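Working notes, beginning with the structure itself.
2 protein chains.
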Amino acid sequence: MAYFDAASAAPLHPVARQALLASLDEGWADPARLYREGRRARLLLDAAREAMAECVGCRPDELVFTPSGTRAVHSGVAGALAGRRRVGSHLIVSAVEHSSVLHAAEAHEAGGGEVTQVGVDRAGAVDPAAYAAALREDTALACLQSANHEVGTEQPVSRVAEACRAAGVPLLVDAAQSLGWGRVEGDWSLLTGSAHKWGGPSGVGLLAVRKGVRFAPQGPGDERESGRAPGFENLPAIVAAAASLRAVRAEATAEAARLRELTERIRSRVPELVPDVEVVGDPSRRLPGIVTFSCLYVDGETLLHELDRAGFSVSSGSSCTSSTLTPSHVLRAMGVLSEGNVRVSLPPGTAEEDVERFLEVLPGTVAAVREKLGAPAATETVRAAGPDLVVDALGRRCPIPVIELAKVIGDVPVGGTVRVLSDDEAARLDIPAWCEMRGQEYVGEEPAERGTAYLVRRTS
Amino acid sequence: MAYFDAASAAPLHPVARQALLASLDEGWADPARLYREGRRARLLLDAAREAMAECVGCRPDELVFTPSGTRAVHSGVAGALAGRRRVGSHLIVSAVEHSSVLHAAEAHEAGGGEVTQVGVDRAGAVDPAAYAAALREDTALACLQSANHEVGTEQPVSRVAEACRAAGVPLLVDAAQSLGWGRVEGDWSLLTGSAHKWGGPSGVGLLAVRKGVRFAPQGPGDERESGRAPGFENLPAIVAAAASLRAVRAEATAEAARLRELTERIRSRVPELVPDVEVVGDPSRRLPGIVTFSCLYVDGETLLHELDRAGFSVSSGSSCTSSTLTPSHVLRAMGVLSEGNVRVSLPPGTAEEDVERFLEVLPGTVAAVREKLGAPAATETVRAAGPDLVVDALGRRCPIPVIELAKVIGDVPVGGTVRVLSDDEAARLDIPAWCEMRGQEYVGEEPAERGTAYLVRRTS
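Protein chains in written order, with full-length UniProt numbering: chain U, 1 to 460; chain X, 1 to 460.
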């Protein structure tokens, strides 16, 4: 059994467990009360806030605890936008933010605000110059993650923060994926995090708002957490969150080096072991524990299921696992293959032998899934046929359209075209990605009577 | 050491502790994931939802978990109002709701909505007919607590629910104080609760929305908890919340009878033991564990401090403990004395001897506080003086204005008046309450050069 989905949630750190247990008896009372149980709870809360602020790199009175990272983002975005309402209602986000940021942006748009999404390169990073160019007179807030949750790519936060500072625009950094590894560099204005991502308990997020940043909490409030996070504090969990962040940080440098070596093995060896694989995300500017790759001709949900049966818990940004049947917005923004997508995110402490076993198991598992789906062999035989072909993949879900395309490309002569009809949203991403991987020419798409026609020209 | 503030937060129930520990290892993963750790978490979440729904008296798919009771109220009120936006924007609340409901109402008003507060009688209960009379064509939502958190009075929920049902208006019941004791009777539409009130962990609230109730969640959302509570589920705590509610309910009937007897002792004996005390709240239609009384000539904060030193943790709705320096909105709505207010709320398992010890300690503690403040003796000597007197208590906080009034009332003849000048908001409540307790005539108030003048006529 190996759990390789730390980017979703990390198993509880032993220190978190100890701190939680210890504070169950001391920290259940209302910290707003004046009697001894309340004062004890208040002491715990204050100490946790100090420890957390030290880890984040802010003042204790700049930091509040929220019920989750998602709620921290929602409150942070709404409060910062409202605080600068007079400046304007323009919001900037990167195209690869966590869904909590994108949902906050959608809510802002629904309320009449304007949102600019800054694109990313094929590695998943924003270009600081492009981000800076999106800043406007009426920009109320800019958001940028510290590192991407699906592919591990680190964002150029310092440089974007400089640009924002120069423009007088506050920058909110979603640091959920990186906070366990270290402070966020750069002159951010607001920062959010989530304890269960670093091995803390669920139920605890954090929102830091630098002094001087205009902030107007939205929705009904109360007197708790500086009026920024209403409701009774989740105290024993807050204590555990702070204690575990401190513990995780103490081990971070050594563990980062170790995990980086393990993910490097996966990055380099998966393409050797498995044909038709694309490793995605920045090879060097990345989180230590995350590596993501996509496998042609594979249905992500089936692959995850088979890996689970083999004892590996991994995640996928593949369209086929999402209830919405659209490919991951991150992979789409990067313009990389989404089909058969696998995210391996190693929790601290992952054993080397588990990674080796994963590398042993993966090739056979992918091959079995491909065989079941009738995927083409890695090397197709070239057959001459008519100059043009139409593949009707309407009603077939990914990866079938790409599989059918791969099967017939050898049937048209070099220079001939294959026209793939598909109504699966993932085809829009995966057919161009397949062309790039296979050195074929992607001509473009056009609306068809049903779905969309994707035109591919055989060039080799 | 005796903790008598269960209405704020109950100590963790042993079953909650066990369930929390057990699920720390099984329930840390993301229940939305398909691998085994995710499936295990999902099973725990589903089981907790079923157990909780059974205790609440609703279908599992009608119930979602929120980060706190406060957040459940905020989301419930906002979602129900938005769901019936076409009907109108009129909201009804009772004047003695928990602050979370009143804050939600304030936010609704700030957004252009209209709010009617239904008053209560001297015992703290709404009149069902008065509540029904507040229902209008454009009423989108009505809110009523199951029982009051400060004085323990039960509200006539069934009858108000009938009136709402007849008018086609959904009723949201804040059941935070009563859910540990049993299901809420009556045909409610939405219901909220908070686990740490029944001995569950902090970080868990619940929101039930009956099928057929129009509900449009507000703010950014995600796919968790039916789109009604975004953010990673606080799973081990949710499991503990459900397990402890079930456990508490199993003991509820016997424990309610036991606590009712103990609070009855306090209700009946405090006025015998301490002069100038008013016990507030309904003597029979009330929660088993709560009893509240106010002591003339006492500063609530000092009294709480002295009781804490004597080993008793109690709470107060007295103006003097509030950071806003206004008396509790509950006591104000009831029109009862707020000064020297003490709420005793016994957690299940409270030992009889702790209550007896409290009754031993209280008289001396109150007497000491009164002596320190220079309060008049219980029986004043009657002295004849001029027909009218002015007491200047400007700049003096409660209970000084009442103490000064009591000191001089004997100096005017029967029929003469005392004019008390005060700029403490609590005087508006406490001077009339003192008159009622002492059989003197409260003539009324009028603006003074500074503060307000309260006119009292000596009648005996």
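Glycine included, C-beta positions come from ideal geometry on N, C-alpha and C.
Note that the coordinates shown come from a computational prediction; the quantities given were computed from them, not determined experimentally.
What Asp354 of chain U touches in chain X, judged by beta-carbon distance under 7 Å, is nothing: the nearest beta carbon there is about 14 Å away. Per DSSP, the beta bridge partners of Pro447 of chain X are X:Thr452. Assigned with DSSP and collapsed to three states, Gln145 of chain X falls in strand. Distance from Leu179 of chain U to Leu190 of chain U at the Cβ level is roughly 14 Å; contact not present, criterion being Cβ atoms closer than 8 Å. In the DSSP assignment, Val73 of chain X falls outside any beta strand (DSSP E) and within the unbroken alpha helix (DSSP H) covering 69-83.
Within chain X, the residues placing a beta-carbon under 7 Å from that of Ser313 of chain U are Tyr35, Arg36, Glu37, ordered along the chain. DSSP links Thr292 of chain U through a beta bridge to U:Val280, U:Arg343.
Each residue's CA atom was taken as its position, placing Leu304 of chain X and Pro14 of chain U some 39 Å apart. 9 Å or more divides the Cβ of Val56 of chain X from the Cβ of Arg265 of chain X. At a cut-off of 9 Å, the C-beta of Glu106 of chain X has a neighbouring C-beta in chain U.
Contact between the segment 57-71 of chain U and the segment 196-205 of chain U is present: 3 or more CB-CB pairs across the two stretches fall below 8 Å. Within the segment 220-251 of chain U, Pro220, Gly221, Asp222, Glu223, Pro230, Gly231, Phe232, Glu233, Asn234, Leu235, Pro236, Ala237 place their CB atoms closer than 8 Å to a CB of chain X, listed in sequence order.
Contact with chain X is found for Trp28 of chain U, since one of that chain's Cβ atoms lies less than 9 Å from the residue's Cβ. Gly113 of chain X is outside the set of residues whose beta carbon lies under 9 Å from a beta carbon in chain U.
Listed in chain order, the non-local C-beta contacts of Arg49 of chain U below 7 Å within the same chain comprise Pro60, Leu63, local neighbours out to five positions each way being set aside.
Gly444 of chain X counts as exposed, since fewer than 16 other beta carbons sit within 10 angstroms of its beta carbon. Not one beta carbon of chain X lies nearer than 9 Å to the beta carbon of Val93 of chain U. Listed along chain X are Leu24, each with a C-beta nearer than 8 Å to that of Arg17 of chain U.
At a cut-off of 9 Å between C-beta atoms, His196 of chain X counts as an interface residue with respect to chain U. In the three-state reduction of the DSSP assignment, Val173 of chain X falls in the strand class. The beta carbon of Pro11 of chain U falls within 9 Å of a beta carbon belonging to chain X, placing the residue at that interface. Residue pairing from DSSP places Val64 of chain U in a beta bridge opposite U:Leu207. One finds Ala29, Asp30, Arg33, Tyr35, Glu37, Gly38 in chain X with Cβ atoms closer than 9 Å to the Cβ of Asp5 of chain U, taken in chain order. In this structure, Ser313 of chain X sits near Ala2 of chain X, with a CB-CB distance shorter than 9 Å. For the segment 58-70 of chain X, residues whose beta-carbon sits nearer than 9 Å to a beta-carbon of chain U comprise Thr66, Pro67, Ser68, Gly69, Thr70. Leu144 of chain X sits buried, since 16 or more C-beta atoms from the chains shown fall within 10 Å of its C-beta. Not flagged as an interface residue toward chain U: Leu206 of chain X, since no C-beta distance is shorter than 9 Å.
Scanning its chain for C-beta atoms nearer than 7 Å, with the 5 sequence neighbours on each side dropped, one finds around Val408 of chain U the residues Leu389, Val391, Val418, in chain order. Under the three-state reduction of DSSP, Phe312 of chain X is assigned to strand.
Cβ neighbours of Arg357 of chain U within its own chain (closer than 6 Å, five residues either side excluded): none. Assigned with DSSP and collapsed to three states, Ser89 of chain U falls in coil, not helix or strand.
Asp308 of chain U is positioned such that its CB atom lies closer than 9 Å to that of Leu34 of chain X. Residue-level contact check: Leu21 of chain U touches chain X, since one or more beta carbons of chain X fall below 9 Å from its beta carbon.
Pro401 of chain X is outside the set of residues whose beta carbon lies under 9 Å from a beta carbon in chain U.
Exclusion of the five residues before and after Glu225 of chain X leaves Val64, Phe65, Thr66, Glu233 as the residues of its chain whose Cβ lies within less than 8 Å of its Cβ. If you compare the alpha carbons of X:Arg286, X:Glu425, X:Val73 with that of Glu339 of chain X, the shortest gap goes to X:Glu425.
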